[in-house]
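Just so you know, full-length UniProt numbering puts 106 at position 106 of the sequence shown, and the rest follows in order with no gaps.
From the three backbone atoms N, C-alpha and C, an ideal C-beta is built for every residue, glycine too.
Everything numeric in this text was worked out from a predicted model, so none of it was measured.
Shown next, in structure tokens, is the structure this report addresses.
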Amino acid sequence: MTVSSDQSPDRPVKMRSRRIRPYALTGGRTKSSHLLLVETLISVPRYDPSLAEALMPESRSLYERARERSSIAELSVGLDLPLGVVRVLIGDLATQGAVFVHPTAHAYNHDTNVLERILDGLKRLPV
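So this is what it looks like as structure tokens:
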């Protein structure tokens, strides 16, 4: 199945056979160059159909799905790919500038202003 430029995130992209080992998809790499927690949100700032066509099937599927903001965990489950593979492939896409990695609370762990705003917001929640 080929992916057209009007590919929607709801339509599945044909994946490789399950006989392909995860390390083959990542070139043996197990770590991403980006900090990608399971809750890290990913989105596509500017969709490029020609880039999508040039990607290997698993990366193309991640790129297509990330057109709607999704977490690393959601991408892993939605495409039935191991979490480690998703992290490495998303890291590659982020390095290319194809996807945007949204900052998580971990990125703000030393910013007291942000932590105080989060605490104030939590205090205002109805019990």
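- How long is the line joining the alpha carbons of D48 and R67, rounded to whole angstroms? 11 Å
- Query: How about residue 140 and E58: do their beta carbons lie closer than 8 Å?
  - Reply: A question about residue 140 goes unanswered here, because the residues of the chain that appear run from 1 up to 127.
- Query: Can you tell which of H110, H102, R46 and L81 has its C-alpha closest to the C-alpha of H34?
  - Reply: H102
- DSSP three-state assignment for S43, whether helix, strand or coil: strand
- Task: For the alpha helix (DSSP H) containing D48, list its first residue and its last residue.
- Result: No alpha helix (DSSP H) holds D48; DSSP gives it neither H nor E.
- DSSP state of residue 154, grouped into three classes? This structure cannot settle anything about residue 154, because the visible part of the chain is limited to 1 through 127.
- DSSP beta-bridge partners of S70: I42
- Go to L115, then tell me how far its alpha helix (DSSP H) extends in each direction, as first and last residue. T112 to R124
- Name, in chain order, the residues that DSSP records as bridge partners for V99. According to DSSP, V99 bridges with nothing at all.
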